[in-house]
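Engineer:
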Amino acid sequence: MIVVDTNVVAYLYLPGDFTAAAEELLRKHEVWAAPALWRSELRNILALYIRKKLLTFDDAYRIQSEAEALIGDAEYEVDSLDVLRLAAESGCTAYDCEFIALSRRLGVPLVTADAKLRKAFPGDTRPFPGA
């Protein structure tokens, strides 16, 4: 099991430069975990793709549904106190700190392409391959 940020989930479902790396990551780590926030973040990405006419509504909904099935039972609520402490100490967003809080709770790394987050939390993060 690993924790993944929403961009890693998006890389898996939205064809692009990082799709192959996301597919390989899924082969190596079959269980991806995320805080419940990931759903809204992915919806936001998909809505942008719909507005830019890069995806149809039906395709966006299919991707959201498939991603929700992938994360499945590995979606967690995180403690607000933990998130706020991490954000205050690091200067990172509370959104990003939700992923760190979950990583620490589960005792597994967060895989992310976010360089600022990796720099703030080097012991909790692993770089997304290829990013």
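Mapping of the sequence shown onto our numbering: residues 13 to 143, in sequence order. For glycine and all other residues, C-beta sits at the position ideal for the given N, C-alpha and C.
1. Which word fits threonine 105, buried or exposed, when buried means at least 16 other C-beta atoms lie within 10 angstroms of its C-beta?
2. Looking only at C-alpha atoms, which of Ala81, Ala48, Phe69 and Ser77 sits nearest to leucine 114?
3. From alanine 22 to methionine 13, what does the alpha carbon distance come to, in whole angstroms?
4. Assuming valine 21 is part of the alpha helix (DSSP H), what are its boundary residues?
5. Could you check where the alpha helix (DSSP H) with valine 95 kicks off and where it finishes?
6. Should phenylalanine 133 and serine 102 be called a contact, given that it needs their Cβ atoms to be closer than 9 Å?
7. Taking Cβ positions, are glycine 142 and aspartate 29 nearer each other than 9 Å?
8. Measure from the alpha carbon of histidine 41 to the alpha carbon of each residue in Val120, Ala127, Ala100 and Leu129, then state which is nearest.
9. Please go through the same chain and pick out, in chain order, the residues whose beta-carbon is closer than 6 Å to the beta-carbon of glutamate 53, but skip the five residues on each side of it.
10. Quick check on the DSSP output: what are the complete alpha helix (DSSP H) runs of length 4 or more inside the region 26-78, in order along the chain?
Structural biologist: Reading from the atomic positions:
1. Around the CB of threonine 105, fewer than 16 other CB atoms lie within 10 Å, so the residue is classed as exposed.
2. Leucine 114 has its Cα closest to that of Ala48, out of Ala81, Ala48, Phe69 and Ser77.
3. Those two C-alpha atoms are separated by around 18 Å.
4. Here the alpha helix (DSSP H) through valine 21 covers 18-25.
5. Counting along the chain, the alpha helix (DSSP H) containing valine 95 begins and ends at 92-102.
6. With contacts defined by Cβ atoms closer than 9 Å, phenylalanine 133 and serine 102 form a contacting pair.
7. Yes, the pair counts as a contact, with Cβ atoms nearer than the cut-off.
8. Among Val120, Ala127, Ala100 and Leu129, the Cα nearest to that of histidine 41 belongs to Val120.
9. Beyond the five residues adjoining it in sequence on each side, glutamate 53 comes within less than 6 Å, by CB distance, of Thr18 in the same chain, given in chain order.
10. Taking only runs of at least 4 residues, the alpha helix (DSSP H) segments lying wholly in the region 26-78 are 31-40 and 49-63.
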